[in-house]
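Undergrad: Just so you know, we're using our numbering here: the sequence shown kicks off at 5 and counts up by one.
Quick reminder that beta carbons are idealized off the backbone N, C-alpha and C, glycines included.
Here the structure is a predicted model, which means the values were calculated and not measured.
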Amino acid sequence: MDEIRSCRERLEAVGGEGEVRLDTSGPVLRLVLDNPGARNALSGRMLGQLDDAVAALEALVQDPTCPAVGLLVRGEGTASFCAGADLRLVRQQVGRPEMADALSRFGHHLTERIRCLPLISVAVIEGAAIGGGAELATACDLRVMGEGAILRFVQAKLGLVPGWAGGVRLVDLVGRRQALSLLGTARGLSAAEAVDIGIADATGPDGEAEDAARRLLEPYLANPAVSVRAAKQLVANAEGLPRAQAMAQERALFGALWGGPANRAALARSRSGRR
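1. When DSSP labels each residue in this structure, what does R78 get in the three-state scheme?
2. Under the assumption that I129 contacts A141 (Cβ atoms under 8 Å), give the Cβ distance between them as a whole number of angstroms.
3. Just the C-alpha distance for E139 and A198, rounded to the nearest angstrom, thanks.
4. So R156 packs on L193, CB below 8 Å; how close in whole Å?
5. Can you tell which of L75, V158, L261, D67 has its C-alpha closest to the C-alpha of G88?
6. Going along the chain, which residues of its own chain have a beta-carbon closer than 6 Å to the beta-carbon of D145, five neighbours each way excluded?
7. Can you tell me the Cα-Cα spacing of A153 and G20, whole angstroms?
8. Where do the ends of the alpha helix (DSSP H) carrying G171 lie?
9. Thinking S84 and G131 are a contact (beta carbons under 8 Å), I'd like their distance in whole angstroms, please.
10. Which residues in the same chain have their Cβ closer than 7 Å to the Cβ of T115, if we skip the five residues on either side of it in sequence?
11. How many whole angstroms separate the CB atoms of L76 and E212, which I take to be in contact at a CB cut-off of 8 Å?
12. Are the CB atoms of E22 and D90 nearer to each other than 9 Å?
13. Is M5 helix, strand or coil when you go by DSSP?
14. For L37 and A272, I'd like the C-alpha separation in whole angstroms.
15. Short of 7 Å in beta carbon distance, which residues of its chain neighbour L93, apart from the five on each side in sequence? Order them along the chain.
16. Between D55 and Q97, what straight-line distance do the alpha-carbon atoms span, to the nearest angstrom?
17. So R147 and A127 are supposed to be a Cβ contact under 8 Å. How far apart are they, rounded?
18. Determine the extent of the beta strand (DSSP E) in which R34 is found, giving its start and end residues.
19. My guess is that E151 and G208 are in contact by the Cβ rule of under 8 Å, so how many angstroms apart are they, rounded?
20. Measuring only the C-alpha atoms, how far is M103 from A72?
21. By the 10 Å Cβ neighbour count, where 16 or more other Cβ atoms means buried, how is T189 classified, buried or exposed?
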C-alpha cells in the first residue's frame, strides 16, 4: 500500500481541475465525474478523489443494514462519459517514465477495486467514453449507452496501449478477435454495435441513459440488499481468484448470511405462504 500511496501522491501533485462527487442515498448510488471542460477527463486531483470515493463505498457496504444495491458511474452532463486521464497531465509528464508507472499502477488499483465492489455497477455512457474512459466502463458490471454514444479505445492513435487493465477486461468481455480489432484500429464503437458484440447491455435515448440504467437495476432491487451484494462478491471472487480460494470465499459468504435477518424473514414469508 505504500507503493500505491506514493503513486497517488505523484499524481495529485500534478493537480488539475474537476471533482468526483458521490451520492450515497437510497439503494442506487451515484458516482459522478465532473470535469466538463476536459470532457470529464480525470485530472491528478480527481484520481485522488476517486480513490477516496471508492474507499467510502467499500466502507459503506460493510454495514449489513446498508440498503445499497446498485452504483451508477457517469460523467457530468450528456456530452461525455469520461475521456480517460486528462491530456494536460499526460503532456506535462510524458518525459517521466516513473509517471507512466504511477498512472498505470494507480489506475489498475482503482479500476480493480471498482470491479470488485459488492454493488451492481453500471457505467452510464452519454456522449463518448474515450481511452481511459472506455477502460473505466469495462470495470463496471454493466454498461448502458445513449443511442448516439460512442465507446472508443483510442490509445493506439496516441502511440499507447490501455494502461488501466481495460485491455485485459476487454478480452474477457468480447474475446480475442473483437478486442484486437477495437484496440488495434482504435475505431469508435456505436451504441448499437456495442450491444451487438456484448460490451453494452442496453441503450436509451440520448440524455436518458441513466433512466435506462435504473430500469436495468430494478430486478436486483426486489431482493434483500445484503444477498445481492454477496452475489456480486461471489461472482467477482470466481472471476479473479483461483478456484479453491473462490469456493472457500463462497462458503464464507453462505455462512455469513445463514440465519441472518434477511434469511429468517424470507423463511417466515415462505412459511406463511407469502414470497
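TA: According to the structure data:
1. Residue state for R78 is assigned as strand, using DSSP reduced to three classes.
2. Going by Cβ atoms, the distance from I129 to A141 rounds to 6 Å, so yes, they are a contact pair.
3. Here the C-alpha atom of E139 lies approximately 14 Å from the C-alpha atom of A198.
4. At roughly 6 Å, the Cβ-Cβ gap stays under 8 Å, so R156 and L193 are in contact.
5. The shortest Cα separation from G88 among L75, V158, L261, D67 belongs to V158.
6. Here the set comprises I124, S125.
7. Looking at the two C-alpha atoms, the distance is approximately 26 Å.
8. Segment 170 to 189, the alpha helix (DSSP H) holding G171.
9. The Cβ separation is near 4 Å, so the contact holds.
10. Within the same chain, T115 has close Cβ partners E139, L140, A143, W168, A169.
11. Separation of the CB atoms of L76 and E212 is rounded to 13 Å, and the pair is thereby denied contact status at 8 Å.
12. Checking the sequence shown, residue 22 turns out to be Gly, not Glu. Yes; because the gap between Cβ atoms is below 9 Å, this pair is in contact.
13. Three-state DSSP puts M5 in coil, outside helix and strand.
14. Cα to Cα, L37 sits roughly 43 Å from A272.
15. The answer, listed in chain order, is V18, G20, S47, G48.
16. Between the C-alpha atoms of D55 and Q97 there is a straight-line separation of about 21 Å.
17. The beta-carbon distance between R147 and A127, rounded to whole angstroms, is 5 Å. This is short enough to meet the 8 Å contact definition.
18. Taken as a continuous stretch (DSSP letters only), the beta strand (DSSP E) holding R34 covers 32 to 38.
19. Right, the Cβ-Cβ distance comes to about 7 Å (below 8 Å), so this counts as a contact.
20. For the pair M103 and A72, the Cα-to-Cα distance works out to about 36 Å.
21. So T189 counts as exposed.
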